[in-house]
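Undergrad:
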Amino acid sequence: SAVISQKPSRDICQRGTSLTIQCQVDSQVTMMFWYRQQPGQSLTLIATANQGSEATYESGFVIDKFPISRPNLTFSTLTVSNMSPEDSSIYLCSGGLGDTQYFGPGTRLTVL
Amino acid sequence: TQLLEQSPQFLSIQEGENLTVYCNSSSVFSSLQWYRQEPGEGPVLLVTVVTGGEVKKLKRLTFQFGDARKDSSLHITAAQPGDTGLYLCATRNSGNTPLVFGKGTRLSVIA
Numbered sequence: 001s002a003v004i005s006q007k008p009s010r011d012i013c014q015r016g017t018s019l020t021i022q023c024q025v026d027s028q029v030t031m032m033f034w035y036r037q038q039p040g041q042s043l044t045l046i047a048t049a050n051q052g053s054e055a056t057y058e059s060g061f062v063i064d065k066f067p068i069s070r071p072n073l074t075f076s077t078l079t080v081s082n083m084s085p086e087d088s089s090i091y092l093c094s095g096g097l098g099d100t101q102y103f104g105p106g107t108r109l110t111v112l
Numbered sequence: 113t114q115l116l117e118q119s120p121q122f123l124s125i126q127e128g129e130n131l132t133v134y135c136n137s138s139s140v141f142s143s144l145q146w147y148r149q150e151p152g153e154g155p156v157l158l159v160t161v162v163t164g165g166e167v168k169k170l171k172r173l174t175f176q177f178g179d180a181r182k183d184s185s186l187h188i189t190a191a192q193p194g195d196t197g198l199y200l201c202a203t204r205n206s207g208n209t210p211l212v213f214g215k216g217t218r219l220s221v222i223a
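As they're listed, the protein sequences go chains A and B. Going by my numbering, the first residue of the first sequence is number 1, and it counts up by one from there. Going by my numbering, the first residue of the second sequence is number 113, and it counts up by one from there.
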């Protein structure tokens, strides 16, 4: 199994600023992903974080807005850039090990 | 990308009642997973079903995979307040691709 931690757990940010969310996995995982979850909604995939190369983004998400790093097999960051109130959401990190995906507790972001 | 339809979207029941949640697709699932998410936490895997017609039990939870592998159900017997949460079905398009989730069923069990 894998235990995933995220920092910060929550933040309140001003419009136009950027926030970087960190994701740490306690074991080496083959795949890492970032999801967004709007209040009361399901999870929407933002991107796959690739080690040592550019992330693979889903339709509707772009690198300039959500730059992602993955320097090794256990760590990744997601930056939410030039934030607006529409970016208020929960951001979840996920790691894949075999057929199972494990999830972090999420980062609750509020943009004023 | 495979689309997953979940129903009902919301469910509020009294403690001790039974309930069933459904997950459907127009395409065949290679496999299907059910997750539960509680407030302030990430989703936690409950079960994976792979074979058409498969039935798996986890205490008071019974998971069924349709014979044609296009639908699945989650049945909870004698629901308890601790069952409250968001229930999500999820699948992969292939191999190591990320999970795609249904919209979820938000269950509230009232004591």
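Note that the Cβ used here is the ideal one computed from N, Cα and C, for glycine as well.
Counting C-beta neighbours from all protein chains within 10 Å, is the total for A:R36 16 or more, i.e. buried, or is it exposed?
TA: Residue numbering aside, residue 36 of chain A sits at position 36 when the first sequence is read from its first letter. That one is buried.
Undergrad: Here's a check: name, in chain order, each residue in its chain whose Cβ is nearer than 7 Å to the Cβ of A:T48, leaving out the five neighbours to either side.
TA: To locate residue 48 of chain A, count along the first sequence from 1; it is residue 48. Same-chain partners within the cutoff: M31, F33, A55, T56.
Undergrad: For A:M31, go through chain B and note every residue whose CB falls closer than 8 Å to its CB, in chain order.
TA: For the purposes of this step, residue 31 of chain A is identified with residue 31 of the first sequence, where counting begins at 1. Simply N208, P210.
Undergrad: According to DSSP, simplified to helix, strand and coil, what is A:G16?
TA: In the first sequence, the residue the question calls residue 16 of chain A occupies position 16. DSSP places A:G16 in coil when its eight states are reduced to three.
Undergrad: Measuring only the C-alpha atoms, how far is B:S184 from B:E117?
TA: The residue you call residue 184 of chain B lines up with position 72 of the second sequence. The residue you call residue 117 of chain B lines up with position 5 of the second sequence. Each residue's alpha carbon lies about 10 Å from the other.
Undergrad: Pair every Cβ in the region 3-16 of chain A with every Cβ in the region 189-196 of chain B, then say whether three or more of these pairs are closer than 8 Å.
TA: Cβ pair count under 8 Å is below three, so no.
Undergrad: Taking B:L157 as the query, report the chain A residues whose CB atoms sit under 7 Å from its CB, ordered along the chain.
TA: For the purposes of this step, residue 157 of chain B is taken as residue 45 along the second sequence, with counting starting at 1. The answer, in chain order, is T100.
Undergrad: Using a beta-carbon distance cut-off of less than 8 Å, what residues from the region 152-178 of chain B approach chain A?
TA: Cβ contacts with chain A come from G152, E153, G154, P155, V156, L157, T160.
Undergrad: Using a Cβ cut-off of 9 Å, pull out every chain B residue sitting near A:P8, in sequence order please.
TA: By 1-based counting over the first sequence, the position of residue 8 of chain A is 8. Ordered by position in chain B, no residue passes the 9 Å Cβ test against A:P8, which lies about 13 Å from the chain.
Undergrad: Are the CB atoms of A:D87 and A:V62 within a distance shorter than 8 Å?
TA: As a position in the first sequence, residue 62 of chain A is number 62, starting the count at 1. As a position in the first sequence, residue 87 of chain A is number 87, starting the count at 1. Taking 8 Å as the Cβ cut-off, A:V62 and A:D87 do not qualify as a contacting pair.
Undergrad: From which residue to which residue does the beta strand (DSSP E) around A:P71 run?
TA: As a working mapping, residue 71 of chain A is identified with position 71 in the first sequence. From DSSP, the beta strand (DSSP E) with A:P71 extends over 68-72.
Undergrad: What residue range is occupied by the uninterrupted beta strand (DSSP E) comprising B:S177?
TA: Here residue 177 of chain B is taken as the residue at index 65 of the second sequence, counted from 1. The question names Ser, but residue 177 of chain B is Phe in the sequence shown. Per DSSP, B:F177 belongs to the beta strand (DSSP E) from 173-177.
Undergrad: Can you say whether B:L115 is buried or exposed, counting buried as having 16 or more other CB atoms within 10 angstroms of its CB?
TA: Taking the first residue of the second sequence as position 1, residue 115 of chain B is located at position 3. The residue is exposed, with fewer than 16 neighbouring Cβ atoms inside 10 Å.
Undergrad: Within 8 Å (strictly less), CB to CB, does B:F213 reach chain A?
TA: Counting from one through the second sequence, the residue named residue 213 of chain B turns up at place 101. Output row for B:F213: interface = yes.
Undergrad: Only counting runs of 4 or more residues, tell me where the alpha helix (DSSP H) segments fall wholly within the region 128-174 of chain B, in order along the chain.
TA: Entirely contained in the region 128-174 of chain B, not one alpha helix (DSSP H) run reaches 4 residues.
Undergrad: Can you tell me the Cβ-Cβ gap for B:F213 and A:L73, rounded? I've got them flagged as a contact below 8 Å.
TA: As a position in the second sequence, residue 213 of chain B is number 101, starting the count at 1. As a position in the first sequence, residue 73 of chain A is number 73, starting the count at 1. Incorrect: roughly 24 Å between the Cβ atoms, too far for contact.
Undergrad: Which partner residues of B:K182 appear in the DSSP bridge assignment?
TA: Here residue 182 of chain B refers to the residue found at position 70 when the second sequence is read from its first residue. In the DSSP output, where bridge partners are listed per residue, B:K182 has none listed.
Undergrad: Under the rule that 16 or more other beta-carbon atoms within 10 Å means buried, what is B:F175, buried or exposed?
TA: For the purposes of this step, residue 175 of chain B is taken as the residue at position 63 of the second sequence. The residue in question, B:F175, is buried, as its Cβ has 16 or more Cβ neighbours within 10 Å.
Undergrad: Could you give the DSSP three-state label for B:E117: helix, strand or coil?
TA: Position 5 of the second sequence holds residue 117 of chain B. Looking at B:E117 - three-state DSSP - the assignment turns out to be strand.
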